[in-house]
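Enquirer: Chains D and H, in that order, give the protein sequences.
Counting in my numbering, the first sequence runs from 263 upward without gaps.
Counting in my numbering, the second sequence runs from 583 upward without gaps.
Using N, Cα and C, we set each Cβ at its ideal position, and we do this for glycine too.
As the structure is a prediction and not an experimental result, all values here were calculated from the model.
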Amino acid sequence: MDFADRLLSGLRATGHGVFAIGLGLLNVPVFALWVCGLVLSPVPVLGTDLLHVTTVVVRWRAGLERRLGALAGVPITRPYRPPPDRAELGTRRWLRWIITDPATWRDMAWLLPGAVVGVTLGVITVLVPAYGLAGVVLLPLWLFLSGVWFGYGLFWPTANLGEAWLALPQGLVLAAAGLAVAPLLRRTDLLFARLLLGPTSAAELRLRVTHLTTTRAGAIDAQAAELRRIERDLHDGAQARMVSVGMTIGLAERLVRRDPAAALELLAEARASSTAALVDLRHLVRGIHPPVLAERGLEGAVQALALHLPIPVEVTSHLPGRLETPIESAVYFAVAEALANLSRHSRAGSAWVCLRHAEDRLVVEVGDDGIGGADATRGTGLDGIERRLEAFDGTMMISSPPAGPTVMTLEVPCALSSPKI
Amino acid sequence: MRVVIAEDLTLLRDGLIRLFKAFEFEVVEAVDNGPDLLPALLRHRPDVAVIDVRLPPTHTDEGLKAAIAARAAVPGLPVLVLSQHVEPLYARELLSDSGRGIGYLLKERVSDVEEFIRAVEQVAAGGTALDPEVVTQLLARREPLAGLTRREREVLKHIAEGRSNAAIAAQLFITEKVVSKYINNIFSKLGMPPSDDDNRRVLAVLRYLDA
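1) Measure how close the beta-carbons of G597 of chain H and S506 of chain D come, nearest whole angstrom, since I'm counting them as under 8 angstroms.
2) Please check if any C-beta of chain D sits within less than 8 angstroms of the C-beta of L601 of chain H.
3) Comparing C-alpha positions only, which one of D:G611, D:V575, D:E425 and D:R584 sits nearest to V597 of chain D?
4) With distances taken from CA atoms, which of H:H626, H:A631 and H:I741 is nearest N766 of chain H?
5) Would you say K689 of chain H reaches chain D, if we count a Cβ-Cβ gap shorter than 8 angstroms as a contact?
6) Does the CB of K682 of chain D have a neighbour CB from chain H at under 8 angstroms?
7) Short of 6 angstroms in beta carbon distance, which residues of its chain neighbour V628 of chain D, apart from the five on each side in sequence? Order them along the chain.
8) Going by other Cβ atoms of all chains shown within 10 Å of its Cβ, with 16 needed for buried, is K682 of chain D buried or exposed?
9) For A793 of chain H and G499 of chain D, what's the separation of their Cα atoms in angstroms?
10) Identify which residue in D:L604, D:I647 and D:H570 has its Cα closest to the Cα of T657 of chain D.
11) Give the list of continuous alpha helix (DSSP H) stretches no shorter than 4 residues that lie fully inside the stretch 669-696 of chain H.
12) Any C-beta of chain D sitting closer than 8 angstroms to the C-beta of G597 of chain H?
13) Determine the DSSP secondary structure at I683 of chain D, reduced to helix, strand or coil.
14) Taking the beta carbon of R323 of chain D as the centre, do at least 16 other beta carbons fall within 10 Å, making it buried, or is it exposed?
15) The beta strand (DSSP E) with M504 of chain D in it runs from where to where?
16) Suppose you measure from the CA of E557 of chain D to the CA of R548 of chain D; what does that come to, to the nearest Å?
17) Interface residues of chain H around H208 of chain D at Cβ under 8 angstroms?
18) Can you look up M370 of chain D in the DSSP assignment and give me helix, strand or coil?
19) Just how far apart, CA to CA, sit A396 of chain D and G433 of chain D?
20) Closer than 8 angstroms by beta-carbon distance: list the chain D residues that pair up with V695 of chain H, in chain order.
21) List, in chain order, every chain D residue whose beta-carbon is nearer than 8 angstroms to that of H641 of chain H.
22) What would DSSP say about R623 of chain D, mapped onto helix, strand or coil?
23) Tell me which residues of the stretch 563-575 of chain D have at least one Cβ-Cβ distance to chain H shorter than 8 angstroms, keeping chain order.
24) I want to verify the contact list: residues of chain D whose CB lies under 9 angstroms from the CB of A604 of chain H, in sequence order.
25) How many Å lie between K771 of chain H and G744 of chain H at the Cα?
26) Taking the CB atoms as reference points, tell me whether W372 of chain D and L458 of chain D lie closer together than 8 angstroms.
27) What's the call for Q501 of chain D, buried or exposed, on a 16-neighbour Cβ count within 10 Å?
28) Taking C-beta pairs closer than 7 angstroms, name the residues in chain H that S502 of chain D reaches, listed in chain order.
29) Is the CB-CB distance between E590 of chain D and G559 of chain D below 8 angstroms?
30) Kindly indicate which residue of D:P346, D:E327, D:R343 and D:P345 has the alpha-carbon position closest to the one of P337 of chain D.
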């Protein structure tokens, strides 16, 4: 990290320090509100509503701290249990959900100590650089006023011009030290917040289990849908064609003596049908596990995919080895879906795919120069991509402003197997 | 002979129409989905209906359901159900009413056109035509068939497929008299009174296998 970076992060942390003081002070009324809500919660009708409101406020405040944490590189996971149905808002069950969630109490336990730590550290974060700055600024002030001395740093009061000059290096040292320490102080504050605002290890496991349950269901659904599709494709495609081939040949057999010309025509038709059946089978196989994926891995398969698209697609790849087969297949189909989506909706003139592997994550970017406006919550295709990846703890992010360009980023944690020779 | 066809895949529908025309059947209507089938059957009251089990919109067993419903409305309406796979369960459902005029064949049987047309005519005449595959599957469940000799089992299989005594005799290179002897043996071993009626024979087989 060079000097400018340090300076910038020091300044940013100092700014956040100001913010932290304000937020720390805010904790006090929030705490008071929460206590009120809790005390009044047994009151019929009004009580649960009040508790709802205060809970929302507390969680909003805690959520803000978590967001600040994420910004400063101290990610704090949301620890709350999944809420019951919205319909049950205000019922006993809903009340129980709030009361029995340890995270509720941990939030509350954090509010006041968090305020003390936040304000204290915030004040130090802000005051040290500020005092340093004062030292730098005081010197010209003294020179201007000539003779009216205050004190600064080690010299209090300042006796003469020589000592006044010394305010400058002192101020610089203090400001530098303050800016250098500021990020550490901010970090300390957030680490303290994480102690109470983050999930306990039990809660973390519970969140993990919830996540795994959802993604497993998604994976099973996707797989079942896939099998149904394959069965349908076989039934309506190759199987039906083979029946038709048999029927046509059967008719030809009957006609061959009486009307050889017609029989010949039927045979030609049967041959065409059998070719079409083979084409169907080939398409089906490609849909199950593309041969090129088996032969060339993700890189080659995506390149092959790009060639099938009506618009030029540039594929860049920095994968030093092969991925595990299931991940390879999932990512391949995710990219295939992304590209299909892109050629259907984006009206792009060209597109690109970038594959790379860094920090045990596979990162795939699919971008185009189209009209943008892709929305992950609307398109079923995008939803499908997300589901495919979720089974591997992968994520999909999409940036698609209204006028484009669209960039879709797929990330899957995974290790590379044997490096390429 | 007037035929109604229900088949959703154009390729096969057109093929069937052509096939029936070649054998001088009159195809009065060819539908491509489940909901249109029942009204068509009730309107035309065809001499025989050839129905694919799986039809849109659900692509499940629409055709089968329509066939059963049509037979509930028009008892004995001859129906030949085609499918790319056979399920003894479906056979039992189809045969569970009168058992007259029922056929249940794999689609690929169509390639032996003469045999297929024979099956259609047989069903139209109130006979039964079960796919050998169905019969095999049913028989496989119940091996060894209580006390039947190999030859008797063979005859039973042919009975289930809806063959007449004469056809069985020709198939097995024996005389019709020997066939009826076998059949009488089978029925007495299964504890059923002898009968000449083709359908009752199939039903007897199914009923025994279902027991």
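Expert: Checking against the coordinates, here is how it stands:
1) The residue you call residue 597 of chain H lines up with position 15 of the second sequence. The residue you call residue 506 of chain D lines up with position 244 of the first sequence. The pair is a contact, with the Cβ atoms about 5 angstroms apart (cut-off 8 angstroms).
2) Locating residue 601 of chain H in the second sequence gives position 19, where the first residue counts as 1. It does; some Cβ of chain D falls within 8 angstroms.
3) On the first sequence, position 335 is the one that residue 597 of chain D refers to. Of D:G611, D:V575, D:E425 and D:R584, the smallest CA-CA separation from V597 of chain D is found for D:V575.
4) Locating residue 766 of chain H in the second sequence gives position 184, where the first residue counts as 1. Among H:H626, H:A631 and H:I741, the Cα nearest to that of N766 of chain H belongs to H:I741.
5) On the second sequence, position 107 is the one that residue 689 of chain H refers to. Yes, K689 of chain H lies at the interface with chain D (some Cβ there is under 8 angstroms from its Cβ).
6) In the first sequence, the residue the question calls residue 682 of chain D occupies position 420. Here the model assigns K682 of chain D a pLDDT of 45, short of 50, so the residue's position is not dependable, and the following value carries that caveat. Look at K682 of chain D: its C-beta is not under 8 angstroms from any C-beta on chain H.
7) As a position in the first sequence, residue 628 of chain D is number 366, starting the count at 1. Cβ neighbours of V628 of chain D beyond the five flanking positions: A600, V615 and M670.
8) Here residue 682 of chain D corresponds to residue number 420 of the first sequence, with the count starting at 1. Model confidence at K682 of chain D stands at a pLDDT of 45, short of 50, so the residue's coordinates are unreliable and nothing is read from them.
9) Locating residue 793 of chain H in the second sequence gives position 211, counting from the first residue. Locating residue 499 of chain D in the first sequence gives position 237, counting from the first residue. Because A793 of chain H sits at a pLDDT of 43, beneath the cut-off of 50, its placement in the model cannot be relied upon, and the following sentence gives the value as read from the coordinates. Separation of A793 of chain H and G499 of chain D (C-alpha to C-alpha, rounded to the nearest whole angstrom) is 38 angstroms.
10) Translated into the one-based positions of the first sequence, residue 657 of chain D becomes position 395. The option with the nearest alpha carbon to T657 of chain D is D:I647.
11) Under the rule that a run must span 4 or more residues, the alpha helix (DSSP H) segments found entirely inside the stretch 669-696 of chain H read 670-677.
12) Along the second sequence, read from residue 1 onward, the residue named residue 597 of chain H stands at position 15. For G597 of chain H, the answer is yes, since a Cβ of chain D falls inside 8 angstroms of its Cβ.
13) Your numbering for residue 683 of chain D matches position 421 in the first sequence. Only weak support exists for where I683 of chain D lies, its pLDDT of 44 falling under 50; the value from the coordinates is given anyway. In the structure shown, I683 of chain D falls within a coil segment according to DSSP collapsed to helix, strand and coil.
14) Sequence index remark: in the first sequence, residue 323 of chain D carries index 61 (1-based). The residue in question, R323 of chain D, is buried, as its Cβ has 16 or more Cβ neighbours within 10 Å.
15) Residue numbering aside, residue 504 of chain D sits at position 242 when the first sequence is read from its first letter. Unbroken run through M504 of chain D is the alpha helix (DSSP H), A502 to L517; no beta strand (DSSP E).
16) Counting from 1 along the first sequence, the entry for residue 557 of chain D is found at position 295. Counting from 1 along the first sequence, the entry for residue 548 of chain D is found at position 286. Rounded to the nearest whole angstrom, the CA to CA distance from E557 of chain D to R548 of chain D is 12 angstroms.
17) Residue 208 of chain D lies beyond the residue range present for chain D, which begins at 263 and ends at 683; the question has no answer from this structure.
18) As a first step, residue 370 of chain D must be located in the first sequence, where it is residue number 108. The answer is helix: DSSP assigns M370 of chain D an H, G or I state.
19) As a working mapping, residue 396 of chain D is identified with position 134 in the first sequence. As a working mapping, residue 433 of chain D is identified with position 171 in the first sequence. Taking the straight line joining both Cα atoms gives about 7 angstroms.
20) Numbered from its first residue, the second sequence carries residue 695 of chain H at position 113. At a C-beta separation below 8 angstroms, V695 of chain H has these neighbours in chain D: M509, G512, L513, E515 and R516.
21) Here residue 641 of chain H refers to the residue found at position 59 of the second sequence. Taking a Cβ-Cβ cut-off of 8 angstroms, the neighbours of H641 of chain H in chain D comprise R494, given in sequence order.
22) The residue labelled residue 623 of chain D in the question sits at position 361 within the first sequence. DSSP places R623 of chain D in strand when its eight states are reduced to three.
23) Cβ contacts with chain H: none found.
24) Walking along the second sequence from the start, residue 604 of chain H turns up at place 22. Within chain D, the residues whose beta carbon sits less than 9 angstroms from that of A604 of chain H are L513, R516 and L517, listed in sequence order.
25) For the purposes of this step, residue 771 of chain H is taken as the residue at position 189 of the second sequence. For the purposes of this step, residue 744 of chain H is taken as the residue at position 162 of the second sequence. Computed Cα separation, rounded: 20 angstroms.
26) Position 110 of the first sequence, counting from 1, holds the residue named residue 372 of chain D. Position 196 of the first sequence, counting from 1, holds the residue named residue 458 of chain D. Yes, they are a contact pair.
27) Within the first sequence, the letter at position 239 stands for residue 501 of chain D. If you draw a 10 Å sphere on the C-beta of Q501 of chain D, you find 16 or more other C-beta atoms in it, and that means buried.
28) What you label residue 502 of chain D is simply residue 240 of the first sequence in a count that begins at 1. Sequence inspection shows Ala at residue 502 of chain D; the Ser mentioned does not correspond to that position. L591, L593 and L594, listed in chain order.
29) Numbered from its first residue, the first sequence carries residue 590 of chain D at position 328. Numbered from its first residue, the first sequence carries residue 559 of chain D at position 297. In contact: E590 of chain D and G559 of chain D (Cβ atoms closer than 8 angstroms).
30) Position 75 of the first sequence holds residue 337 of chain D. Just measuring C-alpha positions, the residue of D:P346, D:E327, D:R343 and D:P345 sitting nearest P337 of chain D is D:E327.
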